[in-house]
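A.B. asks: Be aware that the sequence shown starts at 39, since it is given in my numbering, and climbs by one per residue.
Using N, Cα and C, we set each Cβ at its ideal position, and we do this for glycine too.
Have a look at the structure that comes next, please.
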Amino acid sequence: MNKFSKFFLIFAGMSFVMASCTKDLDTVPIDKDVVTSAQVYENPKAYKQILAKIYAGLAVSGQQGPSGMPDISGIDEGFGQYLRGYWYHQELTTDEAIIGWNDQTIKDFHWQTWGAGDVFISAFYYRIFYQITLCNEFIRETTDAKLDERNVTGSLRTDIEHYRAEARFMRALSYYHALDMFGTVPFVTENDPIGSFFPPQISRQDLFKYIETELLEIEPLMIDARQNEYGRADKAAVWML
């Protein structure tokens, strides 16, 4: 290979490297069905709407009726409903309730023979951490720095501060369920990076301390007991947990 060819290849390689550093891909999607968080939060109503999604996560399993567009893929959508899964784990393992049907491994709760591969256990595990993920992202998007960037002031900012405290409560609630049901679990907060990584495990003792610390911190930030909108957490919910 002559010198000209070598220099050409080196130059070509450098051009690709330099081109990758120009942030050409940092653009707003042109597909009208794809939106970014910046676009979502241009609408002041979005903050409460996303908080509503967090609360709805305790009751609904997806975006469309009893089935269709599920939050979590790869599992039966009914198995992945939060309170249904919580009830299964709390009640079917006792003599307080009996299931009259035979869905997959459901009777294993009665017989005390469940294992790591049980579909109902994995579905509830996924639901808990999906819920925590929703809370983490909302908390990331409601920092003082983010609100300053969006010029959020006045009564809206005050409302968002309450929403943020409620999201922290909902996250603490889900971590409490994770602690109660699974013990040592992965631990992720708004301070962790977004994307695929192996989160560290947290011990029961440390997770309990985290939940307690969160509740003590958010108590003064919550709306007074019985003064919030119906269905939303307040100081009494913090006292309960």
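(1) How long is the line joining the alpha carbons of glycine 106 and glycine 100, rounded to whole angstroms?
(2) Please report the residue range of the alpha helix (DSSP H) in which leucine 253 lies.
(3) My parser needs the alpha helix (DSSP H) runs of 4 or more residues fully inside the region 171-253; what are they?
(4) Taking the C-alpha atoms as reference points, what is the distance between threonine 132 and leucine 185?
(5) How many Å lie between cysteine 173 and leucine 89 at the Cα?
(6) Rounding to the nearest angstrom, what Cα-Cα distance links lysine 44 and aspartate 244 in this structure?
(7) What's the call for serine 234, buried or exposed, on a 16-neighbour Cβ count within 10 Å?
(8) Considering Cα atoms alone, identify which of Tyr268, Asp272 and Arg188 is closest to asparagine 81.
(9) Which partner residues of proline 82 appear in the DSSP bridge assignment?
(10) With a floor of 3 residues, list each beta strand (DSSP E) that falls wholly inside the region 119-169, ordered by position along the chain.
(11) Does the count of Cβ pairs from the region 203-215 and the region 264-277 closer than 8 angstroms reach three?
(12) Do tyrosine 120 and phenylalanine 162 count as a contact pair if the criterion is CB distance below 9 angstroms?
(13) Between glutamate 257 and chain D, is the shortest Cβ-Cβ distance under 9 angstroms, so that the two count as touching?
C.D. replies: Short version:
(1) 7 angstroms
(2) 242-256
(3) 182-187 and 192-220
(4) 47 angstroms
(5) 8 angstroms
(6) The pLDDT assigned to lysine 44 is 48, lower than 50, so where the model puts this residue is not dependable, and the model offers no usable value.
(7) exposed
(8) Arg188
(9) Note: proline 82 sits in no beta bridge, so no partner.
(10) none
(11) yes
(12) yes
(13) The structure shown contains no chain D; it holds only a single protein chain.
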